[in-house]
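So the structure is just underneath, and the comments pick up after that.
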Amino acid sequence: MTNFTEEQKKQETTMEKYVEVYNYTNKILDLIEKQEISTEEAEWVTRQTVDNFRDHVNPGFLSYRKSVTKDGQFAAVEWKDSGLNCFMDVNGKEYIDCLGGFGIYNVGHGHPKVKQAVFNQMNRQALHSQDLLDPLRAMLAKILADITPGDLKYAFFANSGTEAVEAALKLAKMHSDRTTFIATTRAFHGKSLGSLSGTAKGVFRKPFLPMIPGFRHVHFGDIEMMRKTMEVCAMVGEDVAAVIIEPIQGEGGVNLPPEAYLKQLRELCDQYGALLIFDEVQTGMGRTGKMFCCEHYGVVPDILCLAKAFGGGIMPAGAIVATEEVFKSFFPNPFMHTTTFGGNPLACAAAIATFNVLIEENLPARAAEMGEFMLKGLREAADEHGDKVLEIRGMGLLIGIEFHNDEIGYEVSKGLFDKGILVAGTLINAKTIRIEPPLTITIEQAERVIAEFRNVLAQIRV
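Letter 236 of the sequence shown, counting from 1, is numbered 525 in our numbering, and no numbers are missing.
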């Protein structure tokens, strides 16, 4: 009788929890449905967000985010898009997005054509059975074969940049019996264990050592160090399977390679029989002024990694594209590397629509034009502040502003944020903040960013 009573109490407690969660989810769903919310509702959302980040997500974010007050009681909580190039917080303040979700909003926030493609596909079929052939995956693979440079031909789809890098590394391993990989200093390739082995920042790596064996790092842009490393690897019987590199480093601080570096790297890989993997997760999809950054340098990799903007700012999506010679390693058993959600119909619809928009609106060329305009304006604004700004560099609308120390970079980021402009530092090089707006940013918005940057620099004391 006692056990029965205890079991009843457990069931009652469980039902009470279910009722509580059900009511909570109803309240959230009602808020999601609304186009506008009241002041009281905005306060509830803010309080819930701060409390739940502290208690259930990670309290570290509350001390990291520049939008959170020092006592942690108030935060600018992101709520909705506001046109292609802006978003609003829950209290209705608008921000020009110069972070672009770390590069996902190349075609803007909620581009109507991408959004409609996803809605249309969702109304037809959101996910697929996994057993029949799914048409959009096949069609998107053809688009990638047609639009990527050189003889890249076969595609594998993933959900993120990290997953794309993992697929590239596994494909490179299957292509040969080699196990040595070379990456570069200040590289960022992701944080899963394989991709983290290529990432360069020690603070991300140390807690998870040892990494996947066989990875070496050389200085980015130093072709002689790369040459000697590959030579030594060959001499000691540890021939290089692949070199993985970002054509322009994003998280490393928007670092451009020396002019001939990537061509020389291609020649070195050919000489030593190594594959060349370009991680274009951040630089691809028109960001640097061409559809793919490698086109600026006239170099075709053996494997190309894509993600971030690949899903049009609507869906998480990633991909690798490889030559037939390399990809055929996956032919005998296509189940050697798989993913449940990679290449799902919604993500493929978003990616197909994204390429359509990039071409229709000529956004790669627009990135080149607007990037030149913003680089010139930002450099002019920094002319009298050499004690604060070390360098402004970039290509297209991937721009880095490097300061003399982290503290100046944070103060500039915070000052711009207070003025309604979102920028952020880079994960590997904290002294550098990025300017990475949607490729649809207007001249007027760009002028405002430049003007506020000038104003904020003038107010900072070093």
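For glycine and all other residues, C-beta sits at the position ideal for the given N, C-alpha and C.
In whole angstroms, what separates the C-alpha of residue i from that of residue j?
i	j	result
Ala598	Ser449	10 Å
Glu296	Val310	21 Å
Val403	Asp466	42 Å
Pro590	Ala596	16 Å
Pro547	Gly510	6 Å
Leu557	Ile566	13 Å
Ala476	Asn718	10 Å
Leu422	Gln414	14 Å
Leu429	Pro605	15 Å
Ile317	His506	47 Å
Glu672	Ala654	At residue 672 the sequence reads Asp, which differs from the Glu that was named. Rounded to whole angstroms, Asp672 to Ala654 spans 27 Å at the Cα level.
Lys359	Ala331	Note that Lys359 scores 49 on pLDDT, short of 50, meaning its location in the model is unreliable and no value can be drawn from it.
Ser371	Met625	43 Å
Phe470	Pro621	24 Å
Ala303	Leu320	The sequence given here places Thr at residue 303; Ala does not occur at that position. Near 26 Å, if we compare the C-alpha coordinates of Leu320 and Thr303.
Pro348	Glu669	39 Å
Lys552	Val588	6 Å
Thr488	Thr451	10 Å
Val738	Val339	29 Å
Ile697	Ile648	39 Å
Gln405	Leu373	15 Å
Phe619	His478	22 Å
Pro424	Glu658	36 Å
Phe376	Thr731	15 Å
Lys431	Ala563	26 Å
For residue i, is the classification buried or exposed, using 16 other Cβ atoms within 10 angstroms of its Cβ as the cut-off for buried?
i	result
Tyr443	buried
Asp568	buried
Tyr307	exposed
Gly675	exposed
Met663	buried
Glu700	buried
Met519	buried
Gln300	exposed
Val745	buried
Asp378	buried
Ala427	exposed
Glu725	buried
Ala740	exposed
Met524	exposed
Gly631	buried
Lys323	exposed
Arg750	exposed
Gly704	buried
Thr381	For the record, residue 381 in the displayed sequence is Gly; it is not Thr. It is exposed - the Cβ of Gly381 has fewer than 16 other Cβ atoms within 10 Å.
Within the same chain, show all residues whose beta-carbon is closer than 8 Å to that of residue i, passing over the 5 residues directly before and after it, in chain order.
i	result
His508	Thr473, Thr474 and Met514
Glu736	Gly666
Thr756	Look at the range of the chain in this structure, 290 to 751, and you will see that residue 756 is not part of it.
Asp420	none
Glu584	Pro438
Leu554	Ile512, Met515, Val532, Ile534, Leu565 and Val588
Thr628	Phe446, Ala447, Asn448 and Glu452
Met290	Summary for Met290: the model assigns pLDDT 49, below 50, so the residue's position carries little reliability; its value from the coordinates is reported in the next sentence. The answer is none, since no qualifying residue turns up.
Are the beta-carbon atoms belonging to residue i and residue j less than 9 Å from one another?
i	j	result
Thr314	Gly542	no
Val272	Glu733	There is simply no residue 272 to check, as the chain begins at 290 and stops at 751 in what is shown.
Thr328	Val366	no
Val570	Val454	yes
Lys490	Leu716	yes
Gly399	Gly602	yes
Thr577	Gly660	yes
Leu652	Gly575	yes
Tyr561	Cys522	yes
Gly573	Ala447	no
Pro623	Tyr394	no
Just to confirm my understanding: we take residue i, look at its own chain, exclude 5 residues before and 5 after, and list those with CB closer than 6 Å. What are they?
i	result
Asn633	Leu416
Val610	Leu433, Thr437, Leu441, Ala444 and Leu593
Glu535	Asp568
Asp695	Ala719 and Lys720
Can you list, in chain order, the residues of its chain whose CB lies under 7 Å from that of residue i, leaving out five sequence neighbours each side?
i	result
Ser702	Lys355, Val712, Ala713, Gly714 and Ile722
Phe497	Leu482 and Leu485
Lys579	His585 and Pro653
Phe493	Lys480 and Leu485
Ala456	Phe445, Ala447, Ile609 and His626
Are the C-beta atoms of residue i and some chain B residue less than 9 Å apart?
i	result
Ala596	Here there is only one protein chain, and chain B is not present.
- Do the region 456-471 and the region 530-542 meet, that is, are 3 or more Cβ pairs less than 8 Å apart? Because the criterion of three Cβ pairs below 8 Å is met, the region 456-471 and the region 530-542 touch.
- the region 630-650 touching the region 401-410, judged by at least three CB pairs closer than 8 Å: The region 630-650, when compared against the region 401-410, does touch it at the 8 Å Cβ threshold.
- Message: Pairs of beta-carbons, one from the region 378-386 and one from the region 702-712, closer than 8 Å: are there three or more?
- Response: Result yes; three or more Cβ-Cβ pairs closer than 8 Å.
- Are three or more beta carbon pairs between the region 534-552 and the region 683-692 nearer than 8 Å? As far as the Cβ criterion goes, the region 534-552 touches the region 683-692, which means the pair count is three or higher.
- Message: For the region 675-685 against the region 425-445, do three or more pairs of beta-carbon atoms, one drawn from each stretch, fall closer than 8 Å, so that the two count as touching?
- Response: Touching, no, given that fewer than three Cβ pairs across the two stretches are closer than 8 Å.
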